[in-house]
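Take a look at the structure below.
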DNA sequence: TCATCCAGTTGCAAAATACAAGCGGTTCAA
DNA sequence: TTGAACCGCTTGTATTTTGCAACTGGATGA
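Protein chains in written order, with UniProt numbering: chain A, 1 to 162; chain B, 1 to 162.
The following block contains the structure:
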C-alpha cells in the first residue's frame, strides 16, 4: 500500500501522481467543464475515457487528496466530486500545458479558443479562476469576476462564427 | 504510423506527447542536469530508469521534435542529445510542476533547493534559463546571466549545510 | 591483443489500458 | 405496484506498456 517513491524530486513526485494519460484529463473536465458526477464525466468526455479507467482515476484522485466525493442530495446513488485546494492549485500547471500545446501541437481551432484566452489572461486570470473554483468547489464566497463566464462568451462567439 | 489523436484539445495533445511516467524525467535530466548522452542519462538518473525505457523515450522525443540527436566528435559510438526550441519551451511547465510538487508532495529537502529557487525566481528567471539553454543546446550567443550557476551555488551551499 | 566501454536490443514477466458486457440498487411514470 | 430506464460502477478478456536482467556488436585504449 505505501507505494515506494522513485525519488524525492518534486518534479518526479508530481509525475508519480499525475503522470499518466488520464488523470489530468479528468481534472480538466471537472475544472473547466464543471463536470461533477461520474456519469457526467463519462458521457461528456471528449477523449472517450473508458468507464473502468474513470472509476479508477476518481478513486486515486480522491485517495491522493486532489478531489473529494460527497453525496448528491438529489439522488441517493450519485456523488458529487469536488476539487480540493491542492486540485485547484493545478490551474497554473494546466494553463502552461495549454500554452505549450497551443504553440507546439496542432489543436483544433474551436477547442483552442478557451485555451488561448486562458493563456492570454496570464497569472491574473488564473488567480481569478482559482477564486471562482474555490467558490464552486469549496464553498468560498462568490468572487466578482467570473472567468467561466468570460470563457463561455468567447467560446460561444467563436462557435457561432465557425 | 499516423497515430490517432483522442481529441484536438491542447491539454490532451500535450498529454499524448508527454503524459507518461518517464518522458518529462528524461527532459528534466537533459535540461537541468545537462546530461547529453545516453550513458550519462542512464547512469546518473535519480529514479533508476531502465535502459530500454530510456532508449524508447529518446527515440520518441527525437521523433516528436523535442530533441535532436547529433554525433559526438570525441567518440564515434556516442551521440549528443540536444533540446529543440519546443523542448526549451517546456521550462515554464516544469517550473509549475516544481511549484506544485513543492507545495503538495513531500519532496526531499536537498532536491527541493533548486526547485525552490526556480519557483521563487519566477518568469524572469525561467526566461533567463531558456536563453541559457538556447546557448547550450542551439548555439545561441552566451547570455550574461547564468541560472545554472545560480542554482549550482545554491545547491552547493545547501549540500554543505545538510 | 584483449579487456573495457558504449549505446542500445532482446526475452520475458508483470502491470496498465481498452473495450464490451453485466449488475444491483434507485428513480420515475403508468 | 410494477416495470423500464438510469446510475455508478465491476468484471472478464485482449492488447499494450512497463520493468528487469541478460546480452550484443562495434569502438576505444593500454
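The C-beta atom is built at its ideal place from N, Cα and C for all residues, glycine as well.
Chain B residues whose Cβ lies nearer than 7 Å to that of residue i
i             : result
residue 100/A : 14, 89, 90, 93
residue 96/A  : 92, 93, 96
For residue i: DSSP bridge partner residues
i             : result
residue 118/B : For residue 118/B, which the question treats as bridged, DSSP gives no partner whatsoever.
residue 79/A  : 71/A
Residue i at chain A interface by Cβ criterion, 8 Å
i             : result
residue 104/B : yes
residue 19/B  : yes
residue 2/B   : For residue 2/B, the pLDDT reaches just 41, beneath the cut-off of 50, and the residue's location in the model is therefore unreliable, leaving the point undetermined.
residue 107/B : yes
residue 43/B  : no
residue 24/B  : yes
Alpha-carbon to alpha-carbon, residue j and residue i
i             : j             : result
residue 29/B  : residue 160/A : 45 Å
residue 134/B : residue 85/B  : 8 Å
residue 93/A  : residue 91/B  : 12 Å
residue 110/B : residue 151/B : 12 Å
residue 157/A : residue 148/A : 14 Å
residue 31/B  : residue 61/A  : 29 Å
residue 42/A  : residue 25/A  : 12 Å
residue 137/B : residue 75/A  : 57 Å
residue 155/B : residue 112/A : 40 Å
residue 97/A  : residue 4/A   : 28 Å
residue 6/A   : residue 102/B : 16 Å
residue 165/A : residue 22/A  : There is simply no residue 165/A to check, as chain A begins at 1 and stops at 162 in what is shown.
residue 40/B  : residue 87/B  : 19 Å
Chain B contact for residue i (CB, 8 Å cutoff)
i             : result
residue 82/A  : no
residue 140/A : no
residue 54/A  : no
residue 115/A : yes
Contact set between residue i and chain A, taken where Cβ atoms lie within less than 8 Å
i            : result
residue 48/B : 6
Chain-ordered neighbours of residue i on chain A, where CB pairs are closer than 9 Å
i             : result
residue 129/B : Chain A residues near residue 129/B: none, gap ~14 Å exceeds 9 Å.
beta-carbon residue i near the ligand ZN non-hydrogen atom, thresh 7 Å
i            : result
residue 11/A : The ligand ZN is absent from the structure shown, which contains no ligands of any kind.
Chain A contact residues for residue i, given Cβ-Cβ distances below 7 Å
i             : result
residue 112/B : 10
residue 86/B  : 104
At least 3 beta-carbon pairs within less than 8 Å: the stretch 46–63 of chain A vs the stretch 140–148 of chain B
Segments in contact, no.
Examine the Cβ distances between the stretch 72–91 of chain A and the stretch 33–42 of chain A and report whether three or more of them are shorter than 8 Å.
A contact exists between the stretch 72–91 of chain A and the stretch 33–42 of chain A.
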